[in-house]
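Enquirer:
Residue numbers (the working numbering): 566 to 1064.
(1) Quick check on DSSP: helix, strand or coil for residue 1049?
(2) Would you kindly report the start and end of the unbroken beta strand (DSSP E) that includes residue 644?
(3) Taking the alpha-carbon of residue 820 as reference, which of 813, 671, 837 has the nearest alpha-carbon?
(4) Quick one, which of 747, 995, 911 has its alpha-carbon nearest residue 923's?
(5) In the DSSP assignment, find the unbroken beta strand (DSSP E) run with residue 687 in it and report its ends.
(6) In chain order, which continuous runs of the beta strand (DSSP E) of length 3 or greater are located wholly inside the region 692-734?
(7) When you compare only the Cα positions, how much space is there between residue 597 and residue 682?
(8) Here's a check: name, in chain order, each residue in its chain whose Cβ is nearer than 7 angstroms to the Cβ of residue 601, leaving out the five neighbours to either side.
(9) Quick one: residues in its chain with C-beta nearer than 8 angstroms to the C-beta of residue 704, no 5 flanking neighbours on either side, listed in chain order?
(10) Which residues bound the beta strand (DSSP E) around residue 1004?
(11) Could you give the distance in angstroms between the alpha-carbon of residue 727 and the alpha-carbon of residue 733?
(12) Which same chain residues, not among the five before or five after residue 980, have their C-beta less than 6 angstroms away from its C-beta?
(13) Which residues mark the beginning and the end of the beta strand (DSSP E) in which residue 990 is found?
(14) Determine whether the beta carbon atoms of residue 678 and residue 689 lie at a separation below 8 angstroms.
(15) Give the DSSP-derived three-state secondary structure of residue 975 in the structure shown.
(16) In whole angstroms, give me the CA-to-CA distance for residue 839 and residue 907.
(17) If you draw a straight line from the alpha carbon of residue 643 to that of residue 722, how long is it in whole angstroms?
(18) For residue 1036, report the span of its beta strand (DSSP E) as first-last.
(19) Counting pairs of Cβ atoms below 8 angstroms between the region 790-798 and the region 749-757, do you hit three or more?
(20) How close, in whole Å, do the beta carbons of residue 998 and residue 978 come, if the pair is a contact with beta carbons under 8 angstroms?
(21) Under the rule that 16 or more other beta-carbon atoms within 10 Å means buried, what is residue 1069, buried or exposed?
(22) Please report how far the alpha carbon of residue 1036 lies from the alpha carbon of residue 996, in whole angstroms.
(23) Note down the Cα distance separating residue 1051 from residue 990, rounded to an integer number of angstroms.
(24) Please classify residue 1008 as buried or exposed, where buried requires at least 16 neighbouring CB atoms within 10 angstroms.
(25) Measuring CA to CA, which of 707, 851, 724 is closest to residue 824?
(26) For residue 1054, which three-state DSSP category applies?
(27) Around the Cβ of residue 949, are there at least 16 other Cβ atoms within 10 angstroms (buried) or fewer (exposed)?
(28) Along the chain, where does the beta strand (DSSP E) containing residue 679 start, and where does it finish?
(29) Select from 856, 743, 1040, 835 the residue whose C-alpha is nearest the C-alpha of residue 869.
(30) Using three-state DSSP, classify residue 862 as helix, strand or coil.
(31) What did DSSP end up calling residue 907 once you bin it into helix, strand or coil?
(32) Compute the Euclidean distance between the alpha carbons of residue 691 and residue 669, then round it to the nearest angstrom.
(33) Based on Cα-Cα distance, which residue from 707, 779, 855 lies nearest to residue 815?
(34) Do you know how far the Cα of residue 902 is from the Cα of residue 921?
(35) Mind listing, in chain order, the continuous alpha helix (DSSP H) runs of no fewer than 4 residues lying wholly within the region 772-804?
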């Protein structure tokens, strides 16, 4: 035995105030009635197991395994196998050179960091800082070089999801998503299987629900664009089976085909809402099954169809509507019976044709209807027939023939073909350069002078005053202006003849 060193060949027990060294058969070394601490200044070398109070502290001689039933309190640093496991006594920091294998739950500071032993689920109460790239299995990788995160599987977030604080936010409770920038998708956009679909090639949109957006919408760069003021630009068809709303009320289309918009509507292709509830083709034709309510300008394919906010309409194509048309609530209304109601004026080609709100009609300042009177200041040029009250007054466009069912009351002279026939409005005198050809009778002052239309018989109740010769049937009976009479036939006198 060297000074300061005790060598024990058996097991060492400290219990019941006794210090016992035993080799399981007989006591090799025994110190009875040990009271207080046992101080060993030198090394304690035990060939067998080392026990304190039976099982409170055990060191197995063969393996070196140590079991501590109570707390293991080390005032200085704890160092296992030089630097394989080190616990700093001052900071409490632990350094592991190998793997930390824990068969039960692993907890740091109660529940600040916890790993469940049965499931492997990890709960972190604070922030997880990773100095290098992070890889979880083969499904989740964060590359520190390019700051790219690859997720091969699904991403579940039970709390709100944020990107760069407020650039992209998903609310965990409602699912509401807020995007500060643009949403640019190169492939198709499909939300909830088929609730909302945008085709990336054509720009076609199919939506089963409402569409409410407070900022610009872009699909496949420029295939479909809706800005925050309600303006729409699309290169494909727009097919929607439910209500469409953009920026709350900037642009609204309900599932009956009614449209309300506060901004311009610019579309270069066909527009279709709910299959056939509302259709505008790319040449300007419009088909609508519902009302059309617009508070600002409407433009389709730049200038193919334009309706401004005062009710003016410019269309390059046909306008086919099966229900009421409304612009700015009641500024312009056409009901399904064809009635037109305007709160403003009608203007065609600026000032070429104007109907004001009082009902006055002006055509290039030459034609005015006011107070049940029609005033034509210039010529009236018609290329087709003119009808008044069906057939009461007609003018044939090809022949110029005029048919009047009523009286013709003229306060001025009637002149036909310059001077061929003139009827003086004051005297009633008729002056004609040609013959008078009539099919019916000629009657002057009831019976003073009559010519029968069928026979040609002429009755004169007054004198016949002829300044020139009188000829009957060319030369059968001639009376010259000198009074000479030539009769080519017989003269039959039934009464007295005076010469």
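Backbone N, C-alpha and C define an ideal beta-carbon position, used for all residues, glycine too.
Note that the coordinates shown come from a computational prediction; the quantities given were computed from them, not determined experimentally.
Expert: So, from the data block:
(1) If DSSP states are grouped into helix, strand and coil, residue 1049 belongs with coil.
(2) Counting along the chain, residue 644 sits inside the beta strand (DSSP E) bounded by residues 643-645.
(3) The candidate whose alpha carbon is nearest that of residue 820 is 837.
(4) Considering only alpha carbons, the answer is 911.
(5) Residue range 687-689 is occupied by the beta strand (DSSP E) that includes residue 687.
(6) For the region 692-734, the continuous beta strand (DSSP E) assignments of 3+ residues that do not extend past its boundaries occur at 699-701, 705-708, 713-716, 726-728, in sequence order.
(7) Note that residue 597 scores a pLDDT of 47, beneath 50, so its modelled location is shaky; the value from the coordinates is reported in the next line. Counting only the Cα atoms, residue 682 lies some 46 angstroms from residue 597.
(8) With a pLDDT of 48 at residue 601, under the threshold of 50, the predicted position of this residue should be treated as unreliable, though the coordinate-derived value follows. Hits under 7 angstroms: none found.
(9) Sequence-distant Cβ neighbours of residue 704 in its own chain, meaning closer than 8 angstroms and more than five residues away, are 716, 717, 718.
(10) Run containing residue 1004: none; DSSP gives neither H nor E here.
(11) When rounded, the distance between both Cα atoms is 6 angstroms.
(12) Within the same chain, residue 980 has close Cβ partners 987.
(13) Premise fails: residue 990 is in no beta strand (DSSP E) and is neither H nor E.
(14) For residue 678 and residue 689, yes; Cβs fall inside 8 angstroms.
(15) Coil, per DSSP.
(16) Taking the straight line joining both Cα atoms gives about 29 angstroms.
(17) Rounded to whole angstroms, residue 643 to residue 722 spans 40 angstroms at the Cα level.
(18) Its beta strand (DSSP E) spans residues 1035-1037.
(19) By the Cβ test, the region 790-798 is not in contact with the region 749-757, since fewer than three Cβ pairs between them sit closer than 8 angstroms.
(20) Not quite, the Cβ-Cβ distance comes to about 15 angstroms (not below 8 angstroms), so this is no contact.
(21) For residue 1069 there is no data in the structure shown, the boundaries of the chain being 566 and 1064.
(22) Looking at the two C-alpha atoms, the distance is approximately 22 angstroms.
(23) C-alpha of residue 1051 to C-alpha of residue 990: approximately 42 angstroms in a straight line.
(24) The residue is exposed, with fewer than 16 neighbouring Cβ atoms inside 10 Å.
(25) Considering only alpha carbons, the answer is 851.
(26) Note: residue 1054 maps to coil in three-state DSSP.
(27) By the 10 Å Cβ count, residue 949 comes out exposed.
(28) Start and end: 678-680.
(29) Of 856, 743, 1040, 835, the residue nearest in Cα terms is 835.
(30) Three-state DSSP puts residue 862 in coil, outside helix and strand.
(31) In this structure, residue 907 counts as strand in the three-state DSSP scheme.
(32) In a straight line, the C-alpha of residue 691 is about 22 angstroms away from that of residue 669.
(33) Residue nearest to residue 815 within the set 707, 779, 855 is 779 (criterion: CA-CA distance).
(34) Whole-angstrom Cα-Cα distance: 23 angstroms.
(35) Counting only runs of 4 or more, we get nothing.
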